[in-house]
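Have a look at the structure below, then the notes.
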Amino acid sequence: MSDESEYGAGQIQVLEGLQAVRKRPAMYIGTTDARGLHHLVYEVVDNSIDEALAGYCETIEVTIHEDHSVSVSDDGRGIPVDHHEEYDRPAVDVIMTVLHAGGKFDNKSYQVSGGLHGVGVSVVNALSKWLEVEIKRDGALWKQRFDHGEPEGELERVRELTREFAFSTLESRLRELAFLNSGVEITLTDERDDKRQQFRYEGGIREFVAFLNETKTVLHEDVIYFEDSERIGTGPDVEGGEVQVEVAMQATDELQGSLHAFANNINTREGGTHMTGFKTALTRVVNDYATDNDLLRDLDDTLKGEDIREGLTAVLSVKHPDPQFEGQTKTKLGNSEVRGIVESAMHEHLGTFFEENPDTAETIVSKAVEAAKARKAAQKAEELTRRKSALDSTALPGKL
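First residue of the sequence shown: 2, per the numbering used here; consecutive thereafter.
Laid out in structure tokens, this is it:
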């Protein structure tokens, strides 16, 4: 065997500190395109939202500056600036430069939070050309500047960011956060063209659904809404907590549904256990109501989940004291107990809503029945086409 490519202890590299982030940024922000760029802002805003959830923040401001940098400010408690005994340096320095350093690994500082991995703001620092922290705490104004992820003075050039922050992209996410946290006011300012947008929604996700349906034809005026909570972790060795569930939905005449699931304000695009619980319970509750009220007589079958979700706009938001996300970008929730909690809440509250609002319930069932009929007709047409193709392929050729 040739010794040209040696593989031994000398070839093993250890990436210290934030080197791993700069070496493989996509592992931490999901992608290195425009979506990843804006995700850096979301990581910082998530910290401000966590302060709001903890009851210490009411105002968040995001500003895109003329030099294309972005600042995020809030009226929360501020990052700790006192001395960190283990690392022998200020706590803010540790938080900004050490992966998995943060105050969200227990439930003492934050009962509910989206930034649980302890890497968010340090990853933003690692992937920024420069970053400046300004903190008002302990009666003083504190500042610390970082250059390529390192405290000023230790220069390490990684790469230049050439993309520009898009006002519309940040606007969409910040509006989303305002919907998810009723009563929290978020302001986005763009100094490049003197643009300013302010978000505050007292109606929460009910207004979110109404906003999503602004350009659609709704089948019932009322937005179905309910909230519930359930205690978890009652064992002697398990930290207790409360899982909160919020659901809002409204049917439209669209052919496609629009389902949005969030866990601790994080948009879980890939779904997870909360979405599974929602879909399962929705299918069962609608079928139970339709069967009990003899609304499926023209179908001779039960409704499938896809039939019921056709044209349905829904927002599902859960808040969990210890969420388990898949991947650093948190696009899928994995807590197994959440499925049952969401299912239980859906069964109780949606079932009650249907009993108290039969007109809305029958409208939703009617839409689903029409979707089921269309699905069956499409399947039948496809089967006929396949049979015809099969017969054509086996037909004998004519005489020569």
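Idealized CB from N, CA, C, for every residue including glycine. These numbers come from a predicted model, not from an experiment.
Query	Result
Cα-Cα separation, Lys24 to Gly121	16 Å
Enclosing alpha helix (DSSP H) for Phe326 [first to last residue]	Unbroken run through Phe326: none, as it is neither H nor E.
Local Cβ density within 10 Å of Lys144, reported as buried at 16 or more and exposed below that	exposed
Three-state secondary structure assigned by DSSP to Glu247	strand
Pick from Met250, Arg376, Ile50, Gly335 that is closest to Val185, judged by C-alpha positions	Ile50
Cα-Cα separation between Asp308 and Phe263, rounded to whole angstroms	23 Å
Residues that Thr64 bridges to, as DSSP identifies them	Ser72, Thr190
Thr188 to Ser70 span [Cα, whole Å]	16 Å
Inter-stretch contact at 8 Å, needing at least 3 Cβ pairs: the stretch 286 to 295 / the stretch 338 to 356	yes
Pairwise C-alpha distance: Gln257 and His275	21 Å
Contact set for Ala362: own chain, Cβ-Cβ below 7 Å, skip 5 residues either direction	Tyr290, Phe355
Residues near Arg193 in its chain [Cβ-Cβ closer than 7 Å; skip 5 each side]	Ile65, Glu67
Distance between Glu135 and Gln198 (C-alpha atoms, nearest Å)	23 Å
Touching by the beta-carbon criterion (3+ pairs, under 8 Å), the stretch 206 to 215 and the stretch 175 to 182	yes
Enclosing beta strand (DSSP E) for Ser230 [first to last residue]	225 to 233
Three-state secondary structure assigned by DSSP to Ile80	coil
Secondary structure of Leu385, DSSP reduced to three states	helix
DSSP-derived helix/strand/coil call for Ser259	strand
Length of the line joining the Cα atoms of Leu142 and Thr277	47 Å
Proximity below 7 Å, CB of His348 to CB of Ala282	yes
At least 3 beta-carbon pairs within less than 8 Å: the stretch 298 to 307 vs the stretch 223 to 230	no
Endpoints, alpha helix (DSSP H) assigned at Arg23	20 to 24
Lys402 - DSSP class collapsed to helix/strand/coil	The requested residue 402 is not part of the displayed model; the chain covers only 2 to 401.
Span separating the alpha-carbon of Gln20 from that of Gly234	37 Å
Close-in-space but distant-in-sequence residues of the same chain around Gly37 (CB under 8 Å, 5 per side omitted)	Pro26, Ala27, Ile30, Gly31
Those residues which DSSP pairs with Thr314 across a bridge	Gln251, Ser259
Own chain, CB closer than 6 Å to Tyr226, minus 5 neighbours either side, in chain order	Arg207, Ala249
CA nearest to the CA of Phe432, picked from Asp295, Asn294, His261	Only positions 2 to 401 of the chain appear in this structure, which leaves residue 432 out of reach.
Assigned exposure category for Asp139 - 16 Cβ within 10 Å defines buried	exposed
Reduced DSSP category for Lys137 - H, G, I as helix; E, B as strand; rest coil	strand
CA-to-CA distance, Val370 to Met97, given in whole angstroms	55 Å
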